[in-house]
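To start, the structure under review is shown below, and the notes come after it.
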Amino acid sequence: MISAYARIGHFHAAIDCFNEFLSTSILQSDHYTFPPVIRACGNLDDGRKIHCLVLKLGFECDVYIAASFIHFYSRFGFVSLACNLFDNMMIRDIGTWNAMISGFCLNDKVAEALEVFDEMRLKSVTMDSVTISSLLPICAQLDDIIWGVLIHVYAIKLGLEFDLFVCNALINMYAKFGELRSAETIFNQMKVRDIVSWNSLLAAFEQNKKPVIALGVYNKMHSIGVVPDLLTLVSLASVIAELGNFLSSRSIHGFVTRRCWFLHDIALGNAIIDMYAKLGFIDSARKVFEGLPVKDVISWNSLITGYSQNGLANEAIDVYCSMRDYSNAVPNQGTWVSILTALSQLGALKQGMKTHGQLIKNFLYFDIFVSTCLIDMYGKCGRLADALSLFYEVPHKSSVSWNAIISCHGLHGYGLKAVKLFKEMQSEGVKPDHITFVSLLSACSHSGLVDEGQWCFQLMEETYAIRPSLKHYGCMVDLFGRAGHLEKAYNFVKNMPVQPDVSVWGALLGACRIHENVELVRTVSDHLLKVESKNVGYYVLLSNIYAKFGQWEGADVVRSKARERGLKKTPGWSSIEVDKKIDVFYTGNQTHPKCEEIYSELRNLTAKMKSIGYVPDYNFVLQDVEDDEKENILTSHSERLAMAFGIISTPPKTTLQIFKNLRVCGDCHNATKFISKITEREIIVRDSNRFHHFKDGACSCGDYW
DNA sequence: CCAATGTCGA
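Quick note on numbering: UniProt numbering labels position 377 of the first sequence as 377, and the sequence is numbered without any gaps.
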């Protein structure tokens, strides 16, 4: 009875039952009575009392009870107590050894656990399936596949290779190392499988970004009648999010709701929030979030990142503020990473600096991911010097930090410095990864460093054996194209060993626009439209180019194609920080409290600009309307609203910094030059591509943006 | 007695 209560998780009932047993039973308690009770103990004191009782009753040499206590003390972090118990035992059985291994594992003492394993080997203690399945998860933690394989071999030698628990642990171990074929082989060879086996295989494919195969696993288990459980749905939700399957997301939500599983498990709710957020249904994500009976830090983080990744950085910050003010969830590494990412998107320097202060207080300052985000935040908010000094202050042994500082220099147009940093990274012995080269190549292309870029590309394959991905090819095409070597860029695309994707064609298209090569546009556009893409940006770029060359039918084709594929234009926004507060403007926005003043300032500016030679470029207006309406549309672009707001809200000649989610419009780029001249201000615009410095009627990146 | 699967962030 005690054991039954403990097994189903009714620990209090188990303890009550035990007390009743002690007070009423004439039977002597034995070594079957105690272990379930010890397992049921929810706090240290209860366990201690039982331990005293056990000693009084003379059970101190009982191996079953000792194993329970070793496990018990380890559960509460008193692994040294557990050790003492273990060391003082005259006779140990396999359960005792296993309990000690699991005790070390519970406390993340991987090396000690493996020492116990070694001792067992040396003393010829025969291991069982429990030993093996406790040890396997450690190998993944150690990041050492040699240990994993070694233990696998041991399992075979012991005749445990078809044991259910061992196999499940093996599937998980191989999956963590990305060895999916091995994981699948184990699964296929199993004589008996349970729900854990299926879930493990499903998660293996999901976590290694193979959602299609993962879905296949699910369909298979469904077709042979295996009933999915809560954990199946957690993985399935991630699979559906990755596949971008809108309909299935609703079915999953319904399935979970009908079974009331939200009440039983936070992780499942979190997975559904994340699924909706990744599919862009941020409102549904919010509803699920609000409906959760209990929320943990991951629930909050999921919603924050959801908003942030859907371009709603301001909303992400709002969620974070509610978390801080109305919940007792403690922000963790993930929270800070999400917040800093959102702040960098918005260019919210002041709030970012405040966050920096909080991180110092929370000792998270030296966390590699958090500090990388801080570097990125300073860089993206225009404080490159601060980013660099912070970089040298925090640990930078990992490529992640170097990638951040290199990419920031690229964004600011300092290609040579980026290359210099890369060389420094090499000399410090930090191994670059594929992202390092993306940052580096794009830094070179923004600064027109063709030779340096080619050098990097070659180095990547020859020295570091990194096979170029489509992103790298895209960067190279951009490098050649932007520098005016269109022929070379096109040949490069034709000779690629892999099928070019939208980003590669898009890069070539961008080059065609800059260098006004109409003939090539046709070819590129044919290819571009053939490749499926969810990125509307390329369609907009293409129709802009057709419009620019006066080829209206071409523009129409592109627009109808975009409509046919159900793509909606991403709303453009720009933000500006005034008095420590961020204001976000959407194109055409008329709801800002200072709306009247902003538009009147813009009319005023436009008149002055025209008098010194500004001519609006209507090619950037895709709607087919009259010219004066086109002018209105250009004037209400988000970057101009933000700029006008900055002008009326700050003292004369103050530098303005504008942050934009999309690429800055060509006409706005031109207009900003005039505005910088008229207002005698330095204006810095960071768009999705790079920083633009406007001063005295000119821009740091010349005529082409 | 002792053992296995899942959610966010980079």
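All residues carry an ideal CB built from backbone N, CA and C; glycine is no exception.
Range of the contiguous beta strand (DSSP E) that encloses residue i
i, result
"residue 576", "573 to 578"
"residue 656", "656 to 660"
Per DSSP, cross-strand counterpart(s) of residue i
i, result
"residue 692", "685"
"residue 698", "695"
"residue 586", "573"
"residue 581", "578"
Buried/exposed call for residue i, threshold 16 Cβ in 10 Å
i, result
"residue 446", "buried"
"residue 77", "exposed"
"residue 491", "exposed"
"residue 56", "exposed"
"residue 351", "buried"
"residue 218", "buried"
"residue 206", "buried"
"residue 698", "exposed"
"residue 1", "exposed"
"residue 648", "exposed"
"residue 117", "buried"
"residue 392", "exposed"
"residue 363", "exposed"
"residue 423", "exposed"
"residue 293", "exposed"
"residue 166", "buried"
"residue 274", "buried"
"residue 90", "exposed"
"residue 263", "exposed"
"residue 387", "buried"
"residue 684", "buried"
Among the options, the one whose alpha carbon lies nearest that of residue i
i, options, result
"residue 652", "293, 680, 627 and 168", "680"
"residue 403", "291, 467, 416 and 375", "375"
"residue 541", "569, 345, 301 and 456", "569"
"residue 442", "474, 639, 138 and 170", "474"
"residue 453", "440, 463, 642 and 694", "440"
"residue 508", "481, 501 and 369", "481"
"residue 331", "302, 348, 644 and 347", "302"
"residue 148", "157, 159, 135 and 156", "135"
"residue 633", "619, 324 and 646", "619"
"residue 496", "476, 417 and 678", "476"
"residue 574", "296, 39 and 639", "639"
"residue 448", "390, 382 and 415", "415"
"residue 172", "156, 157, 160 and 145", "145"
"residue 42", "32, 701 and 74", "74"
"residue 277", "378, 437 and 237", "237"
"residue 326", "597, 457, 345 and 296", "296"
"residue 202", "233, 177, 338 and 577", "233"
"residue 356", "211, 525 and 339", "339"
"residue 317", "187, 300, 444 and 333", "300"
"residue 162", "105, 97 and 197", "197"
"residue 501", "483, 538 and 367", "538"
"residue 690", "32, 413, 138 and 371", "413"
Boundaries (first-last residue) of the alpha helix (DSSP H) holding residue i
i, result
"residue 628", "627 to 635"
"residue 65", "63 to 75"
"residue 261", "Run containing residue 261: none; DSSP gives neither H nor E here."
"residue 41", "It is not in any alpha helix (DSSP H) - residue 41 carries neither H nor E in the DSSP assignment."
"residue 105", "94 to 106"
"residue 276", "266 to 278"
"residue 373", "368 to 380"
"residue 553", "552 to 564"
"residue 207", "195 to 207"
"residue 168", "164 to 176"
"residue 337", "333 to 346"
"residue 355", "349 to 361"
"residue 436", "434 to 446"
"residue 127", "Premise fails: residue 127 is in no alpha helix (DSSP H) and is neither H nor E."
"residue 391", "384 to 393"
Runs of alpha helix (DSSP H) lying entirely within the stretch 461 to 533, each at least 4 residues, in chain order: Complete alpha helix (DSSP H) runs here, min 4: 470 to 482, 486 to 494, 502 to 514 and 518 to 530.
In chain order, each alpha helix (DSSP H) run of at least 4 residues that lies wholly inside the UniProt repeat "PPR" (296 to 330): Whole alpha helix (DSSP H) segments, 4+ residues: 297 to 309 and 313 to 326.
Inside the UniProt repeat "PPR" (398 to 432) only - alpha helix (DSSP H) runs reaching at least 4 residues: Unbroken alpha helix (DSSP H) runs of no fewer than 4 residues, entirely contained in the UniProt repeat "PPR" (398 to 432), are found at 399 to 411 and 415 to 427, following chain order.
Ranges of the alpha helix (DSSP H) found wholly within the stretch 211 to 249, counting only runs of at least 4: Listed in chain order, the complete alpha helix (DSSP H) runs (minimum 4 residues) inside the stretch 211 to 249 are 211 to 223 and 230 to 243.
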